[in-house]
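Under the numbering used here, the residues of the sequence shown are numbered 417 to 851, in order.
Even glycine gets a Cβ: it sits at the ideal position worked out from N, Cα and C.
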Amino acid sequence: MFSKILIANRGEIAVRIIRACKEMGVATVAVYSEADKNALHVALADQSYCIGGAEAAKSYLNENQIISTAILAGAQAIHPGYGFLSENAHFARLCRKNGLVFIGPEPDSMEHLGDKAVLKELFGNTGLTVIPGTKALSAIEEAKQAAQRIGYPVMLKACAGGGGRGIRLIREEEELEEAFLQASNEAASAFGDGSLYLEKYIFPARHVELQILADEYGNAVCLGDRDCSLQRRNQKLIEESPSPAVNTAQRNEIINLALEAIKKIGYVGAGTLEFLLDKQGNFWFMEMNVRLQVEHCVTEMLTGIDIVKWQIRIAAGIPLNFEQKDIRLTGSSIECRINARNCGTLEMLHVPGGPCVRFDTCLIQGTAVSPYYDSLLGKLIVYAGSRDEALRKLRAALCELVIEGIPTNIQEQLNIVEDERFTSGNYDLTFMGNR
């Protein structure tokens with residue numbers, strides 16, 4: 417096991433990883449930008465180093481500075497969290513070159529699975545049903561021909577995408593050229609790669625994902641499913657596990673197929689397989705995220721398994737000590753993402769309490785929301801023995817959560833979880849419309 421880990425991230429996920437390390441008896445090193453000098457993760461870590469200016473490119477994306485800091489601090493491994501460098505194969509190789517363990521998949525695996533178009537072809541040979549689509553497109557004319565072959569409506573997606581960026585819905589050919597240029601530019605700006613692929617638009621549908629853990633000894637488990645259909649502009653707002661749209665037989669079938677696929681491709685680490693679930697109950701494989709998901713805590717609350725700790729153990733060469741038959745998917749867990757609507761400085765924070773209520777956050781009094789980073793302030797998660805009970809608990813917790821000085825979406829989240837469409841469990845990706 418590692419004795420010291422550098423966390424190459426910020427915000428609530430950096431705090432989350434530091435806490436996991438402390439519980440494991442592992443020392444931690446925080447890195448921070450000039451804008452984050454008073455951040456909670458800086459105060460909680462055993463050592464903290466400023467690595468650059470407020471812009472992510474000068475700090476949290478500065479590969480060489482992060483590597484140098486890890487070596488200086490005597491860290492043996494680097495945990496990238498999510499976002500930033502978490503899916504960067506070049507950074508993972510740089511870690512290895514400098515004698516550091518990257519807590520995530522092997523660089524070759526990350527690179528192979530990082531191209532969404534190649535990934536779909538790979539998983540299409542494993543037994544999973546893949547959404548019809550293309551490989552990386554070289555030109556707009558190629559995209560037009562592919563769209564005519566597949567049939568409108570179609571989705572344009574960034575090959576190196578994530579977080580809802582570089583995605584456009586195309587309903588007819590007249591929209592394609594402008595959307596292609598916009599999506600490509602957006603993808604190039606966000607990921608340094610403007611390549612796009614095209615796939616059939618499955619509608620109406622729900623977004624359901626499976627959480628996977630796999631070690632280097634061929635052991636793999638699935639920690640159940642999460643429903644992530646509550647989204648605005650491809651950004652998730654609420655997640656729950658298990659999905660109310662999936663019955664036990666469906667769940668067992670897709671879990672078995674997913675585990676077979678993971679073992680077949682030899683994946684190691686934590687990962688998430690994402691699907692669209694249509695009205696007929698068919699699972700269409702969409703993509704795989706080879707990192708920790710923002711919504712991992714929903715699964716932790718449901719199963720009692722600490723995914724961050726197991727990421728670290730797997731990276732240290734420790735085998736999984738439980739099997740699929742040991743996973744219990746009983747009860748219901750729901751998460752609301754609490755986002756800032758604008759910049760501001762925290763004046764007061766009251767966190768709800770009670771059994772099975774969790775608020776993962778980086779907020780402390782005086783925290784200033786920076787325009788340089790993601791708007792996520794924290795994640796409010798509850799667990800109960802039934803979905804109805806979990807909904808009541810979540811409503812109570814949202815009413816009790818107080819954040820003053822920073823405009824938030826708390827009231828909007830409360831409105832959603834009180835909406836009959838959500839409480840009934842009968843919702844899909846159209847829930848938020850164009851809001």
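Can you find the residues in the same chain that come closer than 7 Å, C-beta to C-beta, to residue i, ignoring five residues on each side of it along the sequence?
{"i": "CYS759", "result": "VAL785 and PRO787"}
{"i": "PHE539", "result": "VAL546, ALA677 and PHE701"}
{"i": "THR613", "result": "Reading off the sequence shown, one finds Tyr at residue 613, where the question assumed Thr. Within the same chain, TYR613 has close Cβ partners LYS532, ALA533, GLY549, THR550, LYS551, ALA552, LEU553, LYS573 and CYS575."}
{"i": "GLY801", "result": "GLY747"}
{"i": "GLY720", "result": "none"}
{"i": "GLU739", "result": "VAL637"}
Under 8 Å by Cβ, that's how I've got residue i and residue j pegged, so tell me the actual separation to the nearest angstrom.
{"i": "LYS652", "j": "ARG753", "result": "7 Å"}
{"i": "GLN511", "j": "PHE518", "result": "Note on identity: in this sequence residue 511 is Cys, with Gln being the wrong assignment. Between PHE518 and CYS511 the Cβ distance is about 4 Å, and since that is below 8 Å, they are a contact."}
{"i": "ASN821", "j": "THR777", "result": "Before going further, note that residue 821 is Gly rather than Asn in the sequence given. GLY821 to THR777, Cβ: 14 Å. No contact."}
{"i": "THR485", "j": "LEU529", "result": "Actually they do not touch by this definition, with Cβ atoms about 28 Å apart."}
{"i": "ALA470", "j": "ALA451", "result": "4 Å"}
{"i": "GLY841", "j": "PRO660", "result": "3 Å"}
{"i": "ASN635", "j": "LEU736", "result": "5 Å"}
{"i": "GLY640", "j": "THR715", "result": "6 Å"}
{"i": "LEU807", "j": "THR783", "result": "About 29 Å; that fails the 8 Å criterion."}
If I follow the unbroken beta strand (DSSP E) through residue i, where does it start and stop?
{"i": "CYS713", "result": "Run containing CYS713: none in the beta strand (DSSP E); it sits in the alpha helix (DSSP H), 712–719."}
{"i": "GLN463", "result": "463–468"}
{"i": "LEU653", "result": "651–657"}
{"i": "SER748", "result": "748–755"}
{"i": "THR664", "result": "Note, THR664: premise wrong, no beta strand (DSSP E); alpha helix (DSSP H) at 664–681."}
{"i": "ALA800", "result": "792–800"}
{"i": "PHE691", "result": "685–694"}
{"i": "ALA630", "result": "621–630"}
{"i": "GLU615", "result": "612–616"}
{"i": "ARG837", "result": "Looking at the DSSP string, ARG837 is not in any beta strand (DSSP E); the run it does join, the alpha helix (DSSP H), is 836–839."}
{"i": "THR444", "result": "443–449"}
For residue i versus residue j, is the C-beta spacing smaller than 8 Å?
{"i": "PRO521", "j": "TYR683", "result": "yes"}
{"i": "ILE547", "j": "ILE618", "result": "yes"}
{"i": "LEU793", "j": "ASN831", "result": "no"}
{"i": "ILE467", "j": "ILE487", "result": "no"}
{"i": "GLU625", "j": "LEU689", "result": "yes"}
{"i": "ALA446", "j": "ALA461", "result": "yes"}
{"i": "CYS638", "j": "ALA665", "result": "no"}
{"i": "ARG622", "j": "ASP835", "result": "no"}
{"i": "SER475", "j": "ALA443", "result": "no"}
{"i": "ARG869", "j": "GLU711", "result": "Summary: the structure shown does not reach residue 869, with the chain confined to residues 417 through 851, and so no result is reported for it."}
{"i": "ILE819", "j": "CYS713", "result": "no"}
{"i": "ALA505", "j": "GLU537", "result": "no"}
{"i": "TYR789", "j": "ARG432", "result": "no"}
{"i": "ILE671", "j": "PHE699", "result": "no"}
{"i": "LYS809", "j": "VAL773", "result": "yes"}
{"i": "ARG584", "j": "GLN598", "result": "yes"}
{"i": "LEU544", "j": "GLU703", "result": "no"}
{"i": "PRO823", "j": "ARG744", "result": "no"}
For residue i, report the span of its alpha helix (DSSP H) as first-last.
{"i": "GLY427", "result": "427–440"}
{"i": "PHE699", "result": "Unbroken run through PHE699 is the beta strand (DSSP E), 699–705; no alpha helix (DSSP H)."}
{"i": "ILE819", "result": "Counting along the chain, ILE819 falls outside any alpha helix (DSSP H), though it belongs to the beta strand (DSSP E) covering 818–820."}
{"i": "VAL637", "result": "Segment 636–648 is the beta strand (DSSP E) holding VAL637; no alpha helix (DSSP H) there."}
{"i": "LYS725", "result": "723–731"}
{"i": "LEU592", "result": "592–607"}
{"i": "ALA459", "result": "456–460"}
Which residues in the same chain have their Cβ closer than 8 Å to the Cβ of residue i, if we skip the five residues on either side of it in sequence?
{"i": "ARG851", "result": "Low per-residue confidence applies at ARG851: pLDDT is 39, beneath 50, and the placement is therefore not dependable enough to give any value."}
{"i": "PHE607", "result": "ALA574, ALA576, GLY577, GLY578, ARG581 and GLY582"}
{"i": "ARG708", "result": "The question names Arg, yet the displayed sequence has Leu at residue 708. So the qualifying residues of the chain are ILE429, GLY497, TYR498, SER502, ALA686, ILE723, VAL724 and GLN727."}
{"i": "ALA563", "result": "VAL570, ILE586, GLU589, LEU592 and LEU614"}
{"i": "ARG811", "result": "LEU830, VAL833 and GLU834"}
{"i": "PRO620", "result": "ASP694, LYS695, ASP844, LEU845 and THR846"}
{"i": "ILE734", "result": "MET417 and ASP631"}
{"i": "ILE434", "result": "ILE423, THR444, ALA446, HIS457, LEU460 and ALA461"}
{"i": "ILE730", "result": "LEU629, ALA630, ASP631, GLU632, VAL684, GLY685, ALA686 and LEU736"}
Give me, in chain order, the residues of the same chain whose beta-carbon lies closer than 6 Å to that of residue i; leave out the 5 immediate sequence neighbours on both sides.
{"i": "ILE556", "result": "GLU593 and PHE596"}
{"i": "PRO768", "result": "ALA813, GLU816 and LEU817"}
{"i": "PHE507", "result": "GLU479 and LEU501"}
{"i": "ILE780", "result": "LEU456"}
{"i": "LEU718", "result": "SER657 and SER749"}
{"i": "ILE654", "result": "LEU646 and CYS752"}
{"i": "GLN463", "result": "VAL445 and ALA489"}
{"i": "ASN705", "result": "THR688"}
{"i": "SER611", "result": "ALA552 and CYS575"}
{"i": "ARG837", "result": "TYR843"}
{"i": "LYS438", "result": "none"}
Does any CB atom of chain B fall closer than 8 Å to the CB of residue i?
{"i": "MET704", "result": "Included in the structure is just one protein chain, with no chain B present."}
Does any heavy atom of the ligand ADP sit closer than 7 Å to the C-beta of residue i?
{"i": "LYS474", "result": "For the ligand ADP, the structure offers nothing, since it holds no ligand at all."}
- Message: To test your reading of the DSSP string, which unbroken alpha helix (DSSP H) runs of 4 or more residues are found completely within the segment 490–565?
- Response: 505–513, 523–530 and 532–539
- Item | Any beta strand (DSSP E) of 3 or more consecutive residues that is wholly inside the segment 753–783 | 764–766 and 773–777
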